[in-house]
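Remarks on the structure that follows.
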Amino acid sequence: MSYLVKTISLELKKTKRRGIWLVLALFLLLITGYLGYNLNDERFLGFGWMMALYNAPLMNAILIPTGIAVFASRIIDMEHKGNTWKLLETMQRKSDICLGKILYGFAAILIFCLAELAILLCMGFVLNFKGMPDLWAYGLFFMQTLVISYNLYLLQMLVSLIFQNQAVALCTGLCGSMAGLFLMYVPQWPLLRNIIPWGHYGAAMFVGMDWNKEESIKGFYYMSQGNGVAFFIIGWLCFLLIGGWLAFRHMDTDGYHFSMKRHRQPEADGAPLSHKPIKIPCLPVELLKIKRTPIWLAFIVLPLISAVIGTGNYLNNLDILKSTWHSLWTQHALFFCYFFMPPLVGVYASYLWRLEHNGTNWNMVLVNTPVWRLVLGKVMVCSGITFLTLAWLCLLYIICGLYAGFTEPVPAELLEWLACGVLGGIAVCAAQCFLSLVIRSFAIPIGMALVGGFAGLAVTAKDHYYLLPYSLMSMGMRANNPDLKMDMTQFVSYSLFFIILFYLLMVWHIRHHDVRTQ
Amino acid sequence: MNTNIIETDSLTKGVGSQTRVNHIDLRVPEGCVYGFLGPNGAGKTTTLKLLLGLLKPTEGTITFFGQKMSEQNRLSILKHTGSLIESPSFYGHLTGLENLEIIAKMKKVPAKEITNVLQTVRLYEQKDKKVKQYSLGMKQRLGIAMALLGNPRVLILDEPTNGLDPAGIQEIREFIKNLPVLRQMTVIVSSHLLSEMEQMADMVGIINHGCLIFQGTMSALEAQGESLEDAFLKLTGGGDSL
């Protein structure tokens, strides 16, 4: 027992001042806020306890995967950044290092799940839900959340360990989270929901909603889980625990190397020497810096998930979704723009600034480039990738529409949606670039982007979408309502305001702060 | 070696007990190798960062090429300088050549200079290898190559022999020593190793606890004690690590 306590306390000490617990607290706050807002309605008090059990897995599916990706990345990345793996191995067995990370994650997720359960129960009593909570059901919900979230932690920990570039881990979390959320709405594909660990929140749900268009929510009921998800959850847990241990065991002293796995010796005397005459490339400097980076993968994969599952969902609900192109658009864009695009832009921005936060690169950059140009370059590259992502989403939308057999022409407004989405997207880029400049952590600004996406949804619900860059992008894309007519002057002026504001803040920040190197 | 290419007046960073550099008046003559010497933590890197505008001085002024440095003219002045501060800066996922291409593009330097500097630091054969695969010594050479790009008038090198093997140290020393003659450069080189300075510097400035306690020629330093080491220990109090 004392060994376990010692192992956890060691990890706790290492993560001091890492803000890890703040991340979990922030996500808990968000879940509380959303559920409180949703359940605080007299019409629902009669079945409040059941409704909470219906809504909580949805929030968990949206928030926990990204939160856990940030959490796991913070825990593993500190060892990569500090180059501490080789030091640890001289003092601890690999099994101890592995156990430390695994136990620490378990303790954190246990506390998170207990806190979530306590919040749900407190909320019920404060809001005066009728009757008493079904303790068996709440116990089951707690256990499910604990094991599913822990599986995700183990998975994210592995990805963060294997790929030193944390963009890979964060993008994996985002893509998985998106697939899991979408699959909650496609009950026709139960196997897929069971297979991917992010889909388990939806697959394990045991409360259904009695709803119809005329009477809205009529009540909730328990449903049986005959889909065998428990076997998949336990299977993943075993696989990830064994996989985690194997990954630690095979890790080299200075991190994980694919070249080692492929038995390819690093070239001792250099790569094959090119005799081509040296030319200065004509591409902008900031583009040259992102050569050979995996950042492009996220921009291809995430819209693809949105398109495939969105179209599947559309085709399975043709009796409800009757507006062809417009209905398909909401299936493709709604979740993507509000919940996934902001963190994805966050990944782009974090990656771009991490290039300078690494080592002593600030010393080199700031003696050779004017600050205004450096910041402009970062925002432009981030905006360029954002444009490509949104354009890719639109292209997939057209392809999926044609596949679905629409005979009507592609909506002419699509170009306007894209243009407005990109303008709002540039505002998000500027905001995220600012956060990633000021906060040197790779993962924290991405978590903040997800929170921003939610906040954007909240201000949009109150008709104040222009108050946040995140909602400007979603509204620009008409993610929740393609028929919406916007006040363009208001939209453009607020977008420009945010772009200029964050640009100037970045320039000011660099000019008025001493250079900090690692 | 008469005019000063760099001068600082009362250059200060920090206040009270947090003062890292305390009213330093540097005088770096043109065409010399200026050795900036001091124990670990004495304020060498902070001073060099102040010279490059990477840190904002709390007090004092910096004059480069007769021009007082300000936020407005900082980059136009630094166009004529090359620097390697703390440790080499690089993008590990790019090759040595690609890193130099980025610097050349920032400095607006023609491509042929890249070949020159690669050959100068003997990295030409390794130019197509990713920098994260470089050894510590190769990274250091790359850092020096980056500093040399654009044939600057002033080269500021912070402990440039870190991570090099004895042959490499000797090679870099000889290289630095010859820069004023072969390339008409002025070099400021910091180190905590007295022996290193002895072999390459014409002028020396000694800093301890943020204060410049000696500035003059190497022979003037020697005159302060029985040997250079004696003189250095006397000046720095002898309690700190060298």
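One line per chain: the protein sequences are A and B, in this order. Take any residue in the first sequence, note its place counting from 1, add 10, and you have its number in the working numbering. Take any residue in the second sequence, note its place counting from 1, add 7, and you have its number in the working numbering. The beta-carbon is built from N, C-alpha and C at its ideal position, and this holds for glycine as well. What you are looking at is a predicted structure, and each value in this text was computed from that prediction instead of being measured.
Is it right to say residue i is buried, meaning 16 or more other beta carbons lie within 10 angstroms of its own, or is it exposed?
i: A:K271; result: For A:K271, the predicted model reports a pLDDT of 45, less than 50, meaning its position is unreliable; a value from the coordinates is still stated below. It counts as exposed.
i: A:L425; result: exposed
i: A:W208; result: buried
i: B:T10; result: exposed
i: A:K140; result: exposed
i: A:G77; result: buried
i: A:L32; result: exposed
i: B:S248; result: Residue placement at B:S248 is flagged as unreliable, the pLDDT there being 48, under the threshold of 50; the coordinate-derived value follows with that caveat. Classification for B:S248: exposed.
i: B:Q147; result: buried
i: A:R259; result: exposed
i: A:L145; result: exposed
i: A:Y114; result: buried
i: B:Q133; result: buried
i: A:A278; result: Note that A:A278 scores 48 on pLDDT, short of 50, meaning its location in the model is unreliable; the coordinates nonetheless yield the value given after this. Label assigned to A:A278: exposed.
i: A:R203; result: buried
i: A:L344; result: buried
i: B:Q126; result: exposed
i: B:T243; result: buried
i: A:Y324; result: buried
i: A:G218; result: exposed
Based on the DSSP secondary-structure assignment, which residues constitute the bridge partners of residue i?
i: B:E66; result: B:T19
i: A:Y231; result: A:G218
i: B:I13; result: B:V35 and B:F71
i: B:F43; result: B:S197 and B:G212
i: B:F221; result: B:I213
i: B:K137; result: B:T102
i: B:I163; result: B:S90 and B:I195
i: B:V28; result: B:K20
i: A:S316; result: Bridge partners of A:S316: none, in fact.
i: A:S226; result: A:N222
Given residue i, which residues of its chain have a CB within under 7 Å of its CB, disregarding the five upstream and five downstream residues?
i: B:L143; result: G170
i: A:S170; result: A82, S83, I86, D87, Q176 and A179
i: A:P143; result: W59, L131 and G134
i: A:K24; result: M88
i: A:L398; result: F309
i: A:I319; result: A189, F192, L193 and V196
i: B:D16; result: D32, G67 and T68
i: B:T53; result: K20, R27, V28 and L62
Go through its chain and collect everything with a Cβ distance to residue i's Cβ below 6 Å, but skip five positions before and after it.
i: B:K137; result: T102
i: A:R274; result: A caution first: A:R274 carries a pLDDT of 48, below 50, which makes its placement in the model too unreliable to give a value.
i: A:E485; result: Reading the sequence as shown, one finds Met at residue 485 of chain A and not Glu. Cβ within range, chain order: Y475.
i: B:Q222; result: G212
i: B:Q231; result: A238
Return the chain-ordered list of same chain residues with a C-beta closer than 8 Å to the C-beta of residue i, the five sequence neighbours on each side being excluded.
i: B:E14; result: D32, L33, R34, V35, I69 and T70
i: B:G89; result: M153, A154, L155, L156, G157, P159, V161, L162 and I163
i: A:D220; result: I227, K228, G229, F230 and Y231
i: A:H519; result: F444, L447 and V448
i: A:L124; result: F152
i: A:A357; result: As written in the sequence, residue 357 of chain A is Val, which differs from the Ala given in the question. Correct list, in chain order: A177, L180, C181, L184, I305, A308 and I456.
Any 3 or more C-beta pairs closer than 8 Å across the segment 152 to 165 of chain A and the segment 56 to 63 of chain A: Touching, no, given that fewer than three Cβ pairs across the two stretches are closer than 8 Å.
Residues, ordered as in the chain, of the segment 339 to 372 of chain A that lie near chain B by beta-carbon distance below 7 Å: L365, G369, T370 and N371
Residues of the segment 298 to 327 of chain A with Cβ closer than 8 Å to any Cβ of chain B, in chain order: L298, K299, K301, R302 and T303
Chain-ordered residues of the segment 188 to 210 of chain A with a beta carbon less than 8 Å from chain B: none
Touching by the beta-carbon criterion (3+ pairs, under 8 Å), the segment 429 to 436 of chain A and the segment 368 to 388 of chain A: no
Cβ contact (3+ pairs, closer than 8 Å) linking the segment 443 to 458 of chain A and the segment 355 to 366 of chain A: yes
Any 3 or more C-beta pairs closer than 8 Å across the segment 101 to 115 of chain B and the segment 145 to 159 of chain B: yes
Chain A contacts made by the segment 144 to 162 of chain B, where a contact means CB separation under 9 Å: G150 and M153
Residues of the segment 379 to 396 of chain A whose Cβ lies closer than 8 Å to any Cβ of chain B, in chain order: Listed in sequence order: T379 and P380.
Members of the segment 182 to 195 of chain B near chain D, C-beta cut-off 8 Å: Within the model displayed, chain D is absent; protein chains A and B are what it includes.
Segment contact, 8 Å Cβ cut-off, at least three pairs: the segment 34 to 49 of chain A with the segment 449 to 467 of chain A: yes
Contact list for the segment 82 to 95 of chain A against chain B, Cβ threshold 7 Å: none
Chain-ordered residues of the segment 83 to 103 of chain B with a beta carbon less than 8 Å from chain A: L85, T88, S90, I92, E93, S94, P95, S96, F97, Y98, G99, H100, L101 and T102
Selection of the segment 111 to 130 of chain B by Cβ proximity to chain A, strictly under 7 Å: A111, K112, M113, K114, A118, I121 and T122
Interface residues of the segment 207 to 241 of chain B facing chain A [CB-CB below 7 Å]: none
Proximal residues, the segment 48 to 62 of chain B versus chain A, C-beta separation under 8 Å: Within the segment 48 to 62 of chain B, the residues whose Cβ lies closer than 8 Å to some Cβ of chain A are K56, L59, G60, L61 and L62, listed in chain order.
Meets three-Cβ-pair contact criterion under 8 Å: the segment 18 to 27 of chain B and the segment 337 to 344 of chain A: Contact fails: fewer than three Cβ-Cβ distances are below 8 Å.
Inter-stretch contact (C-beta, 8 Å, three-pair minimum) for the segment 287 to 302 of chain A and the segment 91 to 105 of chain B: yes
Against chain B: residues of the segment 100 to 125 of chain A by CB proximity under 7 Å: none
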